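As structure tokens, the structure follows; a few thoughts come after it.
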Amino acid sequence: MLKLATRARVSRVMVRQTQPYGNSGNYDNGMPFGLTLGCGTWGGNITNENIHWKHFLNITWVSKPITPMVPDENKIFGEHWKKYGK
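Laid out in structure tokens, this is it:
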């Protein structure tokens with residue numbers, strides 16, 4: 849499943865679920881209930897999420913400067929770099 853999910857040009861891989869309930873969201877799979885499905889850039893869409901109520905909201909972000917918290921690259925990529933090089 850992981851191999852398929854990481855290599856296929858798809859936005860969802862449903863495992864042992866019927867298509868209508870799985871893709872459109874259900875109580876037992878954690879996906880949000882959707883009105884329609886986004887196919888991602890693979891399908892010419894802007895999103896690959898289930899399109900639901902939050903996509904119809906106009907949200908205004910209010911931002912102000914804060915003290916920067918720059919992550920340490922070695923903490924993030926250190927194990928990867930050890931294994932594959934930088």
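If you're matching positions, the sequence shown starts at 849 in my numbering and goes up one per residue. Quick reminder that beta carbons are idealized off the backbone N, C-alpha and C, glycines included. Note that the structure is a prediction, hence the values are computed from the model and not measured.
Task: Nearest to Met-816 (by Cα), restricted to the options Arg-860, Pro-913, Gly-892 - done: Residue 816 is absent from the structure shown; the chain starts at 849 and stops at 934.
Open item on the list: My output table needs one value for Ile-899: the three-state DSSP class, helix, strand or coil.
Closed with: The residue given as residue 899 occupies position 51 in the sequence shown. Shown here, Ile-899 sits in a strand according to DSSP, grouped into three states.
- [ ] Specify, as a first and last residue, the run of the alpha helix (DSSP H) that Lys-931 falls within.
- [x] Along the sequence shown, read from residue 1 onward, the residue named residue 931 stands at position 83. If you look at Lys-931, you'll find it in the alpha helix (DSSP H) that goes 921-932.
Task: Distance, Val-910 Cα to Lys-923 Cα - done: Your numbering for residue 923 matches position 75 in the sequence shown. Your numbering for residue 910 matches position 62 in the sequence shown. The alpha-carbon atoms of Lys-923 and Val-910 are separated by roughly 30 Å.
TODO: Can you tell me which of Lys-934, Asn-871, Lys-851, Thr-908 puts its alpha carbon nearest to the alpha carbon of Asn-898?
DONE: The residue labelled residue 898 in the question sits at position 50 within the sequence shown. Cα-wise, what sits closest to Asn-898 is Asn-871.
Task: Ile-907 to Phe-881 span [Cα, whole Å] - done: Mapped onto the sequence shown, residue 907 falls at position 59. Mapped onto the sequence shown, residue 881 falls at position 33. Computed Cα separation, rounded: 20 Å.
Open item on the list: For a test of the three-state rule: what should DSSP assign to Thr-854, helix, strand or coil?
Closed with: In the sequence shown, residue 854 corresponds to position 6, counting from 1. The DSSP-derived three-state label of Thr-854 is helix.
Task: Proximity to His-903 [Cα-Cα], best of Trp-890, Thr-884, Val-918 - done: The residue you call residue 903 lines up with position 55 of the sequence shown. Considering only Trp-890, Thr-884, Val-918, the residue with the shortest C-alpha distance to His-903 is Thr-884.
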